[in-house]
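A.B. asks:
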Amino acid sequence: MHLFSLTCTDLAAALNEGWGKGMFHAAAVYRQVFKRGNSDIAATPELFSAAVLAKELQHAFDISAPDIAHMVEQDGVTKIVFNLADSLRVEAVLIPMPRRSTLCISSQAGCRMGCIFCRTGAGGLHRNLSADEIVGQVYAVRHGLGRAVDNIVFMGMGEPLDNFDNVVQAIRVLSDQHGLDIARSRMTVSTAGLPEGIKRLGELGWPRLNLAISLNASNDMLRSKLMPINRIHPLASLKQALQGYPSWQKRGLLY
Ligand code: SF4
Numbered sequence: 006m007h008l009f010s011l012t013c014t015d016l017a018a019a020l021n022e023g024w025g026k027g028m029f030h031a032a033a034v035y036r037q038v039f040k041r042g043n044s045d046i047a048a049t050p051e052l053f054s055a056a057v058l059a060k061e062l063q064h065a066f067d068i069s070a071p072d073i074a075h076m077v078e079q080d081g082v083t084k085i086v087f088n089l090a091d092s093l094r095v096e097a098v099l100i101p102m103p104r105r106s107t108l109c110i111s112s113q114a115g116c117r118m119g120c121i122f123c124r125t126g127a128g129g130l131h132r133n134l135s136a137d138e139i140v141g142q143v144y145a146v147r148h149g150l151g152r153a154v155d156n157i158v159f160m161g162m163g164e165p166l167d168n169f170d171n172v173v174q175a176i177r178v179l180s181d182q183h184g185l186d187i188a189r190s191r192m193t194v195s196t197a198g199l200p201e202g203i204k205r206l207g208e209l210g211w212p213r214l215n216l217a218i219s220l221n222a223s224n225d226m227l228r229s230k231l232m233p234i235n236r237i238h239p240l241a242s243l244k245q246a247l248q249g250y251p252s253w254q255k256r257g258l259l260y
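In terms of this note's numbering, the sequence shown is residues 6 to 260.
Here it is, written out as structure tokens:
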């Protein structure tokens with residue numbers, strides 16, 4: 006089991022099932038890994054007197070972030086290319102801003118939306134990223150590179166609402182106050198426009214999570230040429246989905 010795919014509550018449930026432990030131990034491990042950036046569970050201060058347990062937990066949980074294959078820095082913007090376990094590559098981009106920095110992360114290896122202006126879309130979809138691979142991009146930048154990550158945008162490779170369950174679980178982990186503690190109001194899910202995904206996102210009851218729509222054209226004829234998804238979900242159905250999204254009037258973004 007990968008620790009990056011678990012909230013602290015999920016971890017407590019796993020510890021309870023496997024070791025009869027609960028929230029105290031889960032919170033201690035979570036702090037060690039996510040707040041201190043230390044994957045050595047045996048060094049967790051709260052577990053100094055429980056060496057056998059610490060060793061078992063170290064073996065039971067994967068705590069590895071994706072490898073950084075290479076980085077390119079230009080005009081203060083850093084592109085980070087990750088090498089996944091199956092050798093697929095995804096990118097994240099760190100954008101410094103005056104008082105905070107934003108990390109743009111990937112949700113899929115490739116993408117099946119086929120937008121004609123996008124290099125990722127031209128290659129098709131290879132696979133969805135797991136929740137731990139999504140969280141791992143943030144972990145690697147914050148703890149591996151030691152760079153601040155204040156805001157997160159799901160605007161890298163892939164269509165996040167096409168990998169709904171893993172993206173939502175990643176948001177839960179990233180916002181967990183026992184760990185990385187990035188508020189949902191500092192996260193933006195950017196979509197090419199999948200009405201069903203927008204509806205499901207709205208049903209989560211997370212009014213502070215930001216939603217952005219990649220519009221690119223204001224009429225169906227042009228938009229369908231640029232973004233094939235518009236042939237299946239034209240602007241009228243997108244508009245209807247947005248009108249049902251709880252916080253759209255206050256926080257939505259079209260671009
Ligand atoms: S949805 Fe995003 S990643 Fe996918 S093809 Fe369109 S622009 Fe590219």
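Think of the CB as a built atom: it goes at the ideal place given N, C-alpha and C, for glycine as much as any other residue.
Would you decide whether Q79 is buried or exposed? Buried here means 16 or more other CB atoms lie within 10 Å of its CB.
C.D. replies: Locating residue 79 in the sequence shown gives position 74, counting from the first residue. With fewer than 16 other Cβ atoms within 10 Å, it is exposed.
A.B. asks: Can you tell which of R189, G202 and T107 has the C-alpha that lies nearest to the C-alpha of Q245?
C.D. replies: Taking the first residue of the sequence shown as position 1, residue 245 is located at position 240. Among R189, G202 and T107, the Cα nearest to that of Q245 belongs to G202.
A.B. asks: To the nearest whole angstrom, what separates the beta carbons of T193 and V158, a pair I think is in contact under 8 Å?
C.D. replies: Taking the first residue of the sequence shown as 1, we reach residue 193 at position 188. Taking the first residue of the sequence shown as 1, we reach residue 158 at position 153. In this structure T193 touches V158 by the C-beta definition: roughly 5 Å separates them, less than 8 Å.
A.B. asks: Taking the straight line between their C-alpha atoms, what separation do you get for G198 and I139?
C.D. replies: Here residue 198 refers to the residue found at position 193 when the sequence shown is read from its first residue. Here residue 139 refers to the residue found at position 134 when the sequence shown is read from its first residue. Roughly 21 Å between the two C-alpha positions.
A.B. asks: Please report how far the alpha carbon of G210 lies from the alpha carbon of Q182, in whole angstroms.
C.D. replies: Counted from its first residue, the sequence shown places residue 210 at position 205. Counted from its first residue, the sequence shown places residue 182 at position 177. Straight through space, the alpha carbons of Q182 and G210 are spaced by roughly 18 Å.
A.B. asks: Tell me which residues share the same chain as A33 and place their Cβ nearer than 7 Å to its Cβ, disregarding the 5 neighbours each side in the sequence.
C.D. replies: Position 28 of the sequence shown, counted from the start, is the residue given in the question as residue 33. Result list for A33: T49, E51 and L52, in chain order.
A.B. asks: Classify F122 as buried or exposed, calling it buried when 16 or more other Cβ atoms lie within 10 Å of its own Cβ.
C.D. replies: Here residue 122 is taken as the residue at index 117 of the sequence shown, counted from 1. It is exposed - the Cβ of F122 has fewer than 16 other Cβ atoms within 10 Å.
A.B. asks: May I have a chain-ordered list of the beta strand (DSSP E) segments no shorter than 3 residues that lie completely inside the segment 97-164?
C.D. replies: 106-110, 113-115, 130-133 and 156-159
A.B. asks: Return yes when at least one heavy atom of ligand 1 lies under 7 Å from the C-beta of S219, else no.
C.D. replies: The residue given as residue 219 occupies position 214 in the sequence shown. Yes, Cβ of S219 sits closer than 7 Å to a heavy atom of ligand 1.
A.B. asks: Which of the three DSSP states is assigned to N224 in this structure?
C.D. replies: Counted from its first residue, the sequence shown places residue 224 at position 219. Here N224 sits in coil by DSSP.
A.B. asks: Between the Cα of L62 and the Cα atoms of A241, N88, E22 and G207, which residue gives the shortest distance?
C.D. replies: By one-based count along the sequence shown, residue 62 stands at place 57. Residue E22 is the option with its Cα nearest to L62.
A.B. asks: Measure the C-alpha to C-alpha separation of L99 and A114 and round it to an integer number of angstroms.
C.D. replies: Sequence index remark: in the sequence shown, residue 99 carries index 94 (1-based). Sequence index remark: in the sequence shown, residue 114 carries index 109 (1-based). So the two alpha carbons sit approximately 18 Å from each other.
A.B. asks: Taking its Cβ as the centre, do 16 or more other Cβ atoms sit within 10 Å of F29, making it buried, or is it exposed?
C.D. replies: Reading the sequence shown from its first residue, position 24 is the one you call residue 29. Burial call: exposed.
A.B. asks: Between which two residues does the alpha helix (DSSP H) harbouring E22 extend?
C.D. replies: The residue you call residue 22 lines up with position 17 of the sequence shown. First-last of the alpha helix (DSSP H) with E22: C13 to W24.
A.B. asks: Any heavy atom of ligand 1 inside 7 Å of the beta-carbon of G42?
C.D. replies: For the purposes of this step, residue 42 is identified with residue 37 of the sequence shown, where counting begins at 1. No; taking the cut-off as 7 Å, the Cβ of G42 has no heavy atom of ligand 1 nearer than that.
A.B. asks: What whole-angstrom Cβ distance do R205 and R189 have, given they're in contact under 8 Å?
C.D. replies: The residue you call residue 205 lines up with position 200 of the sequence shown. The residue you call residue 189 lines up with position 184 of the sequence shown. That pair is no contact at about 16 Å.
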